[in-house]
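Under my numbering, the sequence shown has 394 at position 374, and the numbering climbs by one with no breaks.
We treat Cβ as the ideally placed atom computed from N, Cα and C, and that holds for glycine.
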Amino acid sequence: MSHDSAPQPLTARPGHALHGDLKPPGDKSISHRAMIFGLLSIGETRVEGLLEGDDVLRTADAARALGATITREGEGRWRVVGTGIGGMQDPAGVLDFGNAGTGSRLMMGVVGGQPVTATFDGDASLRKRPMRRILDPLLQMGAEILSEAEGGRVPLTIRGPREGIPIRYELPVASAQIKSAVLLAGLNAPGVTTVIERAASRDHTERMLRLFGAQVTVEPYGECGHGRSIALTGQPTLRGTDVIVPADPSSAAFPLVAALIVPGSEVTLRGVMMNPLRTGLITTLIEMGAEIERLDEREEGGETVADLRVRASRLKGVDVPAERAPSMIDEYPVLAVAAAFAEGATRMNGLHELRVKESDRLAAVAAGLSANGVDHRVEGDDLIVTGSGAPPAGGGTVATHLDHRIAMAFLVMGMASKNPVTVDDGAMIATSFPTFRPTMAALGAEIVEEAASA
Numbered sequence: 021m022s023h024d025s026a027p028q029p030l031t032a033r034p035g036h037a038l039h040g041d042l043k044p045p046g047d048k049s050i051s052h053r054a055m056i057f058g059l060l061s062i063g064e065t066r067v068e069g070l071l072e073g074d075d076v077l078r079t080a081d082a083a084r085a086l087g088a089t090i091t092r093e094g095e096g097r098w099r100v101v102g103t104g105i106g107g108m109q110d111p112a113g114v115l116d117f118g119n120a121g122t123g124s125r126l127m128m129g130v131v132g133g134q135p136v137t138a139t140f141d142g143d144a145s146l147r148k149r150p151m152r153r154i155l156d157p158l159l160q161m162g163a164e165i166l167s168e169a170e171g172g173r174v175p176l177t178i179r180g181p182r183e184g185i186p187i188r189y190e191l192p193v194a195s196a197q198i199k200s201a202v203l204l205a206g207l208n209a210p211g212v213t214t215v216i217e218r219a220a221s222r223d224h225t226e227r228m229l230r231l232f233g234a235q236v237t238v239e240p241y242g243e244c245g246h247g248r249s250i251a252l253t254g255q256p257t258l259r260g261t262d263v264i265v266p267a268d269p270s271s272a273a274f275p276l277v278a279a280l281i282v283p284g285s286e287v288t289l290r291g292v293m294m295n296p297l298r299t300g301l302i303t304t305l306i307e308m309g310a311e312i313e314r315l316d317e318r319e320e321g322g323e324t325v326a327d328l329r330v331r332a333s334r335l336k337g338v339d340v341p342a343e344r345a346p347s348m349i350d351e352y353p354v355l356a357v358a359a360a361f362a363e364g365a366t367r368m369n370g371l372h373e374l375r376v377k378e379s380d381r382l383a384a385v386a387a388g389l390s391a392n393g394v395d396h397r398v399e400g401d402d403l404i405v406t407g408s409g410a411p412p413a414g415g416g417t418v419a420t421h422l423d424h425r426i427a428m429a430f431l432v433m434g435m436a437s438k439n440p441v442t443v444d445d446g447a448m449i450a451t452s453f454p455t456f457r458p459t460m461a462a463l464g465a466e467i468v469e470e471a472a473s474a
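Here it is, written out as structure tokens:
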């Protein structure tokens, strides 16, 4: 799917209660990493439940271009034969990541630590996203930036060293992408590469490093113990293995919130990842009064998963602490929608990172709330949404800025607002939840295509 194709406006209309159960798409973060670690390993990696969205497929294409053999063996089932650390080849063409911020940034870490040269590019949205925070530590580790767009953005060309330099790096912000890029570059560095984070971010890279055979230690960091120190011993031999991809909590968030706000709904979400560094939205919604029941909690593929039974609930406003942001950074748009239906003010603190996602998500959410008659204000990096406990007016058209999560969040709003809600483009939803429309339709939601304006 091309993000430069014609817009695909979609409208969600309020209607019947939502009922049923579903398995949300495979987790995007783990799907990206499964392709990348398959590339870096010796032997065969088999992946079950891969998210077959555009973002992940771009990462798979990049891994192929760098030398991996990758085949699809069935729905969600993939086989990767890797090159091993140090065995990659220069790609013949540009690595085009489309809209994939995670895939591009993690693969920059891979290339920045290996003796290869590669050019990275993407769609109009990706070209706006800052990459300097990724490039700075890679330069310290021996990588060279041969060319770049203004401000360290793509298109850019990276040449990695024959052997990397291990560093101790303190993250400027809580970011799993920066942390992962440094650790991936550290795989080809002799000695120990250490990353310090003041607030714990999602730890899928650390878990997968261990799964593939690397030596990684994680220790608490800081006076309050909220941070972590992650140390990787470089130049291991990674060996292919089996990866089971759990359901993505960030994708599950949309049917979950829809079930909470559409009166009379009851929906069960199967096999959702319950990694505590990814469940900030669930914690927040339960504080707001959401009826969410965890069932059959179990281990799959190195991660805890559970089934979630969700029933329509009366929500109340709460204060969401800034330190919770890393565990729910992708879920704030749909939390803002939930807050629009709650009684009282919900204050979401410390949302600076939303300004550098696929869009300026903080501005995009605020504009979408305005378009649909929701009382809100932005104070610095905080968003305050005030609901009346009744459905908001709706009736607006939301500019998505090529951001899949903005599109899905406001379509969820339209399922329960007084009037339908339209998003100007839903095409990019395929990056993370390619079956969003039929999945929601199966539960009882009504989402229809609109004619694009000339």
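- Taking the CA atoms as reference points, Gly-132 sits about 10 angstroms from Ile-154.
- For Asp-41, the beta-bridge partners assigned by DSSP are Thr-288.
- Here DSSP, grouped into helix, strand and coil, assigns Arg-331 to strand.
- Distances from the alpha-carbon of Thr-137 to those of Ser-145, Ala-144, Asp-143 and Met-127 put Met-127 closest.
- The alpha-carbon of Asp-41 is positioned some 45 angstroms away from that of Asp-110.
- Assignment of beta-bridge partners to Pro-240 by DSSP yields Arg-248.
- Around Arg-147, the same chain offers Asp-141, Ala-169, Arg-173, Val-174 and Pro-175 as residues with beta carbons nearer than 8 angstroms, after the five sequence neighbours per side are excluded.
- The beta-carbon distance between His-421 and Ala-384, rounded to whole angstroms, is 5 angstroms. This is short enough to meet the 8 angstroms contact definition.
- Selection Leu-203, Lys-336, Leu-59 and Gly-96 evaluated against Ala-358 yields Lys-336 as nearest (Cα-Cα).
- The Cβ neighbour count for Arg-97, taken over all protein chains shown within 10 Å, is under 16; the residue is labelled exposed.
- The residue among Glu-399, Val-354, Gly-118 and Asp-268 with its C-alpha nearest the C-alpha of Gly-69 is Asp-268.
- Using a 10 angstroms sphere on the CB of Val-265, the tally of other CB atoms reaches 16 or more, which defines it as buried.
- With respect to Leu-403, Ala-360 sits apart: the two C-beta atoms are not nearer than 9 angstroms.
- Residue pairing for Gly-94: DSSP places it in a beta bridge opposite Arg-97.
- In the displayed model, Thr-177 falls within a strand according to three-state DSSP.
- If you ignore the 5 residues before and after Val-67, its C-beta comes within less than 6 angstroms of the C-beta of Ala-54, Trp-98 and Val-263, all in its own chain and listed in chain order.
- Annotated three-state conformation of Ser-408 is strand, per DSSP.
- The C-beta distance from Gly-180 to Gln-134 rounds to 5 angstroms, short enough to meet the 8 angstroms contact threshold.
- Rounded to whole angstroms, the Cβ separation of Asp-423 and Gln-28 is 14 angstroms, and the two are not in contact under 8 angstroms.
- Under the 8 angstroms Cβ criterion, the segment 223-234 does not count as touching the segment 184-193, having fewer than three qualifying pairs.
- Apart from the 5 residues on each side of it in sequence, Leu-328 sits with its Cβ closer than 8 angstroms to the Cβ of Ala-272, Leu-276, Thr-288, Leu-289, Val-292, Ile-302, Ile-312, Glu-313, Arg-314 and Leu-315 in its chain, given in chain order.
- Taking 8 angstroms as the upper bound for CB-CB distance, Arg-344 and Gly-309 are not in contact here, some 17 angstroms apart.
- A check of alpha carbon separations from Gly-233 across Leu-258, Val-212 and Glu-217 identifies Leu-258 as the nearest.
- Residues of the same chain with a CB within less than 6 angstroms of the CB of Asp-74, apart from the 5 flanking positions on each side, are Met-21, Gly-118, Ala-450 and Thr-451 in chain order.
- In the three-state DSSP reduction, Val-338 falls in the coil class, being neither helix nor strand.
- The alpha helix (DSSP H) runs of length 4 or more contained entirely in the segment 350-393 are, from start to end of the chain, 352-361 and 381-391.
- Taking a C-beta distance under 9 angstroms as the contact criterion, Gly-107 and Ala-201 do not qualify as a contact pair.
- From the listed residues Phe-453, Gly-464 and Met-151, the smallest Cα separation to Lys-43 is found for Phe-453.
- Apart from sequence neighbours up to five positions away, the residues of its chain that approach Ser-167 with a beta-carbon distance below 7 angstroms are Leu-176 and Thr-177, ordered along the chain.
- With respect to Ala-387, Val-418 sits close: the two C-beta atoms are nearer than 9 angstroms.
- Restricted to the segment 58-82, not a single alpha helix (DSSP H) segment is unbroken, complete and at least 4 residues in length.
- Going by DSSP, His-424 is part of the alpha helix (DSSP H) stretching over 424-434.
- Residue pairing by DSSP places Asp-141 opposite Asp-116 in a beta bridge.
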